[in-house]
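K.L.:
This is the structure I want to talk about, given as structure tokens.
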Amino acid sequence: MKIKDLARENIWNLKPYSSARDEFSGSVKIQLDANENPFDNGLNRYPDPYQNELKSVLSEIKGVEIKNMILGNGSDELIDMLIRSFCEPRIDNILTVRPSYGMYKVSAAINDVELVEVDLNADFSLNVKALLEKVNSNTKLLMLCSPNNPSGNLLEVSAIEELLNSFNGLVVIDEAYIDFSKEISWSKRLSEYPQLVVLQTLSKFYGLASLRVGIGYASEEIVGLLNKVKPPYNVNGLSQESAIERIKNQKERNRLLESILNERTRLNQFLKASKLVQTVLPSDTNFLLVKFTDAERVYIALKDLGIVVRNRSNEPLCNNCLRITIGTPAENQELMNQLKRLK
Ligand SMILES: *Cc1c(COP(=O)(O)O)cnc(C)c1O
């Protein structure tokens, strides 16, 4: 399988916009090539279109080479870029699972690309056979989310390997929650699978949702193609600077991770013992999917008390399920106190 044959022809042949910073990127005394305002206020220059400084910090933390990275304005932008680059509107299709992250459906719809959904098994594991049965010659992307949102579980490595070995298209694994898991990232296996794309984000574990920085890992060929499609300055200068500053503090981050994981255990134990709850799903993320006997009633009662959780009851396999993000210890305590009072 060749990336050239998977990509949309117009994108493969695209001559990308060439910015002033593409044509000259060294440092000089006088810069009169980009129609910027010359008066220095700290923000008057265009940012690095390839975010090399931020990528080099990320590369060190993540152990993936810069040439295999592309950054997006959130990973949501990368999802859209992948669809636009590989799926011909009204002709190609994307395969994914239900329930999973809602943006796959929205991004596919915006691009007028069909999304084919296959239900996960009752335990939220992959149904490889059912997925492969849905593949046709126009299936360009397989979108998977592991650990999965909203179920919180990792998808089995062996099942994903089987899909990677059988499916002749791009396999995208969204790892927005991988930092909360002990499992190693699929980004470590790019050299084995040239059609693999891995997405991560600074929005969850790194606590930088407001900056809008998503990370894509893929072969140089795929990264090169996506670089042609991305808006030249898709990650703004303040976000780049701020991300570089903040992600360096590993020690503090590990401390916060420990708190979230401890709290996840504490909340899990409490919920499992609660009379309102049927089951709590095992989680490799910073949230719990909880099956209540009457989710709607609990949802409304909590909302009236000023605590909002996500009602996922209308998602397939999620009847009576609420998705609860792990908060600070005080927030979780308050949630537990209120649930205790609910009769
Ligand atoms: C939150 C989330 C994202 C969003 O990431 P951004 O980088 O903030 O756009 C992507 N995928 C999944 C599965 C998520 O839950």
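When you line the sequence shown up against this note's numbering, it's residues 580 to 922, in that order.
We put the beta carbon where it would ideally sit given N, CA and C, even for glycine.
(1) Find the nearest neighbour of L742 within the set M722, L881 and D758, judged by alpha-carbon distance.
(2) Between which residues of its own chain and R587 is the CB-CB distance below 6 Å, once the five residues before and five after are set aside?
(3) Could you name each continuous alpha helix (DSSP H) segment of 4 residues or more that falls completely within the stretch 827-872, going from the start of the chain to the end?
(4) Does the pairing of the stretch 784-791 with the stretch 592-606 give three or more beta-carbon distances under 8 Å?
(5) Can you list, in chain order, the residues of its chain whose CB lies under 8 Å from that of A738, leaving out five sequence neighbours each side?
(6) Does ligand 3 have even one heavy atom less than 6 Å from the beta-carbon of G653?
(7) I'd like to confirm something about C724: is its beta-carbon nearer than 6 Å to some heavy atom of ligand 1, or not?
(8) For the candidate residues E754, L720 and N589, whose alpha-carbon lies nearest to that of A687?
(9) Which one of K594, Y785 and D612 has the shortest CA to CA distance from K641?
(10) How is I886 classed by DSSP in three states: helix, strand or coil?
(11) Does DSSP put Q779 in a helix, in a strand, or in coil?
(12) Below 6 Å, is the gap between the Cβ of Y812 and the nearest heavy atom of ligand 1?
(13) On the DSSP letters alone, give me the boundaries of the beta strand (DSSP E) that G651 sits inside.
(14) Beta-carbon separation of C724 and D753 under 7 Å?
(15) Going by DSSP, what residue range makes up the beta strand (DSSP E) through R600?
(16) Whose C-beta lies closer than 7 Å to the C-beta of E644 among residues of the same chain, with five residues either side of it excluded?
(17) Which first and last residues belong to the beta strand (DSSP E) in which V695 is found?
P.N.:
Reading from the atomic positions:
(1) M722
(2) E667
(3) 829-852
(4) no
(5) S704, L705 and V707
(6) Annotation note on ligand 3: not contained in the displayed structure, which lists ligand 1 as its ligands.
(7) yes
(8) L720
(9) Y785
(10) coil
(11) strand
(12) no
(13) M648 to G651
(14) yes
(15) R600 -> not in any beta strand (DSSP E); alpha helix (DSSP H) instead, spanning A599 to E602.
(16) S638
(17) E693 to D698
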